[in-house]
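Note that the sequence shown ends on residue 196 in our numbering; no numbers are left out.
Ideal Cβ positions, reconstructed from N, Cα and C, are used throughout, including at glycine.
Everything numeric in this text was worked out from a predicted model, so none of it was measured.
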Amino acid sequence: MVYPITKFWFYPVLSSFIGKIKGKQNIPKQGNFIIISNHAHLIDPLLITYISLKRLNKKIHFLAKPSWWFLGETFCRKWAGCIPLFNSKQAYSEIKEYLKSGKIIAIFPQGDYKNGNNNFKTGVVRLALETNTPILPIGIKSSYTPFGSALNIGKLIHLEKNKKTIEQKAVALMNHVYHLKNNID
12 MVYPITKFWF
22 YPVLSSFIGK
32 IKGKQNIPKQ
42 GNFIIISNHA
52 HLIDPLLITY
62 ISLKRLNKKI
72 HFLAKPSWWF
82 LGETFCRKWA
92 GCIPLFNSKQ
102 AYSEIKEYLK
112 SGKIIAIFPQ
122 GDYKNGNNNF
132 KTGVVRLALE
142 TNTPILPIGI
152 KSSYTPFGSA
162 LNIGKLIHLE
172 KNKKTIEQKA
182 VALMNHVYHL
192 KNNID
């Protein structure tokens, strides 16, 4: 429900925030994947929603922390496609089920946008390995000014089970996302 409304009403508003999108061709038109991105501003999920509507016309499911659920479960879960982050084990299990059923998940591995450039949490690496789901990295430079935001979409990453630890893989992903963010121009 929210996606048709977003496409009709919010889409033009969102487009006014984005000045540049690099790597659109890297968004797969088929299959599922996990989107990971840095999280600098409140509008970051909206920017990812915008590019998904523009390229895929598919719903992206975001993790949503408890403070967003004041909008109600019907809005957050059913209309916006959010997964509640009240209990991390329960959310992890739910995300795995979404991925196994072919849905697209978006995760900000550093957590809240107020956390700055904190290290990525390792859950996304475990999810990708356990479900054999590729990762689509996106670097975002966010701005509330018209046409001030920019996105750099990297190529799909297929993680392999090897001797690297989950923490090492998370650091490598974090470095890749920040490389994308810093190389938009």
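In the DSSP output, which residue or residues are listed as bridge partners for residue i?
i      : result
LYS31  : ALA161
HIS72  : ILE116
SER99  : Per DSSP, none; premise fails for SER99.
ILE94  : LEU74
ILE168 : ILE146
Answer with buried or exposed for residue i, where buried requires no fewer than 16 other C-beta atoms within 10 angstroms of its C-beta.
i      : result
PRO56  : buried
HIS190 : exposed
ASN68  : exposed
SER104 : exposed
LYS174 : exposed
PHE158 : exposed
SER160 : buried
LYS152 : buried
MET12  : Confidence in MET12 is poor, its pLDDT being 44 and thus under 50, which makes the residue's placement too unreliable to answer from.
LYS40  : exposed
Is there a Cβ from chain B that is less than 8 Å from the Cβ of residue i?
i      : result
SER112 : In the structure shown, chain B does not exist; there is a single protein chain.
Got a sec, what are the start and stop residues for the alpha helix (DSSP H) residue i sits in?
i      : result
LYS152 : LYS152 -> not in any alpha helix (DSSP H); beta strand (DSSP E) instead, spanning 146-152.
HIS187 : 177-193
ALA139 : 134-142
LEU9   : Nothing can be reported for residue 9: it is not among the residues displayed for the chain, which extend from 12 to 196.
PRO23  : 22-26
Check whether the Cβ atoms of residue i and residue j lie closer than 8 Å to each other.
i      : j      : result
LEU170 : PRO148 : no
ALA75  : LEU53  : no
ASN43  : GLY92  : no
LEU58  : ILE29  : yes
ARG66  : LYS35  : yes
THR144 : GLU178 : no
LEU140 : LYS172 : yes
ASN203 : GLY150 : Nothing about residue 203 can be reported from this structure: the residues present for the chain run from 12 to 196 only.
Identify the continuous beta strand (DSSP E) that holds residue i and give its terminal residues.
i     : result
ILE46 : 45-48
Kindly list the residues whose CB is nearer than 6 Å to the CB of residue i, restricted to its own chain and excluding five residues on each side of it in sequence; keep chain order.
i      : result
LYS33  : ASN163, ILE195
LEU25  : LEU57, TYR61
SER154 : SER160
Only counting the same chain, and skipping five residues up and downstream in sequence, which positions put a Cβ closer than 8 Å to that of residue i?
i      : result
VAL135 : ILE45, ILE47, ILE118, PRO120, ILE146, ALA181, LEU184
ILE94  : HIS72, PHE73, LEU74, ALA75, ARG88, ALA102, GLU105, ILE106, TYR109, ILE116
CB-CB under 7 Å to residue i, same chain, minus the five flanking residues each way: which ones, in chain order?
i      : result
LYS111 : THR142
LYS166 : ASN37
Report yes if the C-beta of residue i is less than 7 Å from at least one heavy atom of the ligand NAP; otherwise report no.
i      : result
THR176 : The ligand NAP is absent from the structure shown, which contains no ligand whatsoever.
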